[in-house]
Structures are given as C-alpha cells and as structure tokens.
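In this note's numbering, the protein residues as written are 3 to 327.
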C-alpha cells in the first residue's frame, strides 16, 4: 500500500503512515514503514523546509518520526514563533494545528523547552476551543478524546477503535483503508475473544476457582493486560502464556495478602525455589498444591515449542522471575 501510493510527496507518505498506524494496521506493514521512513528521513534532511506547511502537518510529521525512533529536531517549530519567541496568533487560533502539536508534545525529551511551552499552551487553547467555539463535530470529538487520553499514553487497540470512527468522518478518507481497518479490527477482536474463552476454560480445568475461592477471579481483567502488551495476531501464544501466569500471580498475591498462614507461605516459597512436581506432596494445603501444579504446568505446556524455536533461555528467565517474586 505504501509502495504503491500514487503520491511521491514524502510528507503525504508520512501522513499515510500516520493513518495506517492510528487505524491499528501498522503491524501489517512494519518492514515497509521502516523502509519508507528511513528513506525519507535520510534523503530529506530538510523535509519541512521546502513548502509553507501548516502547523498540523509539521506536528504530525514530527510526531511520527519521533514515534518510530528518529531524532527529529524541535527546530521545525521555530517558524511558528513571532519575533518575541512566542507562538504566532494565527497558530493559536488553529484548532487542528493545536491538536496535532498537543499530541506531538508528548514525545518530548528533557531540555526541549519549546515543547514544554507548547504543551501548556496547546492544552489551554484546546480546552478553550471546546468551551467557546463551534467546531466541526469530528474535530470536537478528537480534541475531547486527546485531552482525556493523549495518543502516546493510550492503549493501542482502544485508540485504533476510536480513530476508525474519526477517520471515517474525515472530509475525504481513503475508503479502502477505512474498510480494511474495520475488517482487521473485527478479525483481531474475534481472535481475542476466542483466546479469552480458552483462558476461562484453562482456569476451570485447572480448578483454580474451585480450590481458591478466596481469590479474585479477574480473568478478563488479566487478559486485557496481555492485549495491552501485544495485541497483534502473531503474539497469540504469548498472550495465552502471559494470561495464565498473570492470573496465577494474582492468586498467589491473594494468598500472601489475605489467606495463607506464614507456615504455608514458607513451604510454598520453598517449593517454588525447588521447581519440582515432587514438591506437590510436601505442600500442606490442597489449594497450594493446585496453584503450584498450575504454575509448573504452564511452563511445561510451552517448553517444547519454545525450545524447538531455539529460545529455551526465555523459559529459564521466566522461571527465575517466578522464583524471585
């Protein structure tokens, strides 16, 4: 899609990359995005100098390059200052530009005072726009959303879902891109729902709810954390493994905080350090035996697959983290 883009304008390509990213589609084009951004950044050291770009465009390009790890200079914003070093009045009265700059300020680094100043100014003006100006509905929704949860601090899947609606209401959206985003979001969401169902099934089959009635269930909450970490389809196994371990850690946390005795805690800790199924018989309570067996089973379940991929070391580090907890 990027390589076949009808436009050769590098700025328009960056804008397309922004839409692809915000629609939650960038994982399909990772290598192509990296290639395009690397080419544009190295071939166009003064990318934004050639034309009189509006603040919205400059801030968007700045954010995308920063987001993907490029050291884009804050000097690109100097042109929007007046002779006294303050933002020009025309810029302050540009809601769309203020919104883009506000999102860009969240990728600042220490000592970038121009972005520190811009954050305070854009936040104040965006809040004022919502109270005093009659803005297009789509822009109003985007400003409200950004003030509540800036893109850089948001959850990728939730941000993508919001932007799908925003993008569809743009003046001239790419219909193909819009349809692809909807289809892909629904496809991935269906995969997540199946995984959540499998996680509940594992929880029941491991008898964790039955044997640990004192513990908070929180299966869906735990699974949400795994989706936040990595929502992409090819991380399905990682989501399931992390989901099971996080659920078990949650139960262990409840054991230590609200249920088990000090002696039970000591014996359970000792069993974890030895990491051996034979230790099950030495645990004093059935609920501890259930938890302990479930922890060892999760690692055993994925051991063959991960070892076959040459990543057995990751299991070693995983076990070590469990022991340290």
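For each residue, glycine too, the CB sits at the ideal point set by N, CA and C.
Quick caveat: nothing in here was measured; it's all calculated off a predicted structure.
Quick check: what's the CA-CA separation for residue i versus residue j?
| i | j | result |
| --- | --- | --- |
| residue 39 | residue 73 | 12 Å |
| residue 12 | residue 18 | 10 Å |
| residue 278 | residue 298 | 8 Å |
| residue 196 | residue 240 | 14 Å |
| residue 317 | residue 201 | 20 Å |
| residue 287 | residue 215 | 14 Å |
| residue 55 | residue 92 | 13 Å |
| residue 22 | residue 179 | 8 Å |
| residue 169 | residue 28 | 15 Å |
| residue 2 | residue 132 | Nothing in the structure corresponds to residue 2, since the chain is present only between 3 and 327. |
| residue 188 | residue 244 | 23 Å |
| residue 80 | residue 57 | 11 Å |
| residue 1 | residue 313 | The question about residue 1 has no answer here: the residues shown for the chain are numbered 3 through 327. |
| residue 136 | residue 130 | 11 Å |
| residue 255 | residue 159 | 28 Å |
| residue 20 | residue 119 | 24 Å |
Decide if residue i is buried, meaning its Cβ has at least 16 other Cβ atoms within 10 Å, or exposed.
| i | result |
| --- | --- |
| residue 157 | exposed |
| residue 329 | Only positions 3 to 327 of the chain appear in this structure, which leaves residue 329 out of reach. |
| residue 204 | buried |
| residue 325 | exposed |
| residue 106 | buried |
| residue 231 | exposed |
| residue 134 | exposed |
| residue 87 | exposed |
| residue 14 | exposed |
| residue 222 | exposed |
| residue 172 | exposed |
| residue 260 | exposed |
Tell me the DSSP secondary structure of residue i in three-state form.
| i | result |
| --- | --- |
| residue 318 | helix |
| residue 216 | coil |
| residue 251 | helix |
| residue 43 | helix |
| residue 89 | strand |
| residue 48 | coil |
| residue 83 | strand |
| residue 110 | coil |
| residue 66 | helix |
| residue 97 | helix |
| residue 122 | helix |
| residue 263 | coil |
| residue 243 | helix |
| residue 35 | helix |
| residue 130 | helix |
| residue 193 | helix |
| residue 204 | helix |
| residue 233 | coil |
| residue 274 | helix |
| residue 28 | helix |
| residue 151 | coil |
| residue 287 | coil |
| residue 180 | helix |
| residue 312 | coil |
| residue 58 | helix |
| residue 71 | coil |
| residue 164 | helix |
| residue 53 | coil |
Cutting at 7 Å between CB atoms, please list the residues of its own chain near residue i, excluding the five before and the five after it.
| i | result |
| --- | --- |
| residue 190 | 233 and 235 |
| residue 323 | none |
| residue 141 | 97 and 98 |
| residue 253 | 210, 214, 217 and 293 |
| residue 65 | 105, 106 and 109 |
| residue 226 | none |
| residue 76 | 114, 116 and 117 |
I think residue i touches residue j, with their Cβ atoms under 8 Å apart; what is that distance to the nearest whole Å?
| i | j | result |
| --- | --- | --- |
| residue 281 | residue 289 | At roughly 15 Å, the Cβ-Cβ gap does not stay under 8 Å, so residue 281 and residue 289 are not in contact. |
| residue 25 | residue 68 | Wrong, their Cβ atoms sit about 19 Å apart, outside the cutoff. |
| residue 99 | residue 61 | 7 Å |
| residue 144 | residue 182 | No, residue 144 and residue 182 are not in contact; Cβ-Cβ is about 21 Å, not under 8 Å. |
| residue 296 | residue 198 | Actually they do not touch by this definition, with Cβ atoms about 18 Å apart. |
| residue 229 | residue 194 | 6 Å |
| residue 123 | residue 89 | 6 Å |
| residue 150 | residue 166 | So it is not a contact: roughly 18 Å between Cβ atoms. |
Tell me which same chain residues have a C-beta within less than 8 Å of the C-beta of residue i, skipping the five on either side of it?
| i | result |
| --- | --- |
| residue 265 | 286 |
| residue 36 | 70 |
| residue 148 | 101, 104, 105 and 128 |
| residue 146 | 132 |
| residue 308 | 314, 316 and 317 |
Is the Cβ of residue i closer than 9 Å to any Cβ of chain D?
| i | result |
| --- | --- |
| residue 159 | Within the model displayed, chain D is absent; a lone protein chain is all it includes. |
For residue i, which residues in the same chain have their Cβ closer than 6 Å to its Cβ, ignoring the five residues on either side in sequence?
| i | result |
| --- | --- |
| residue 208 | 296 |
| residue 311 | none |
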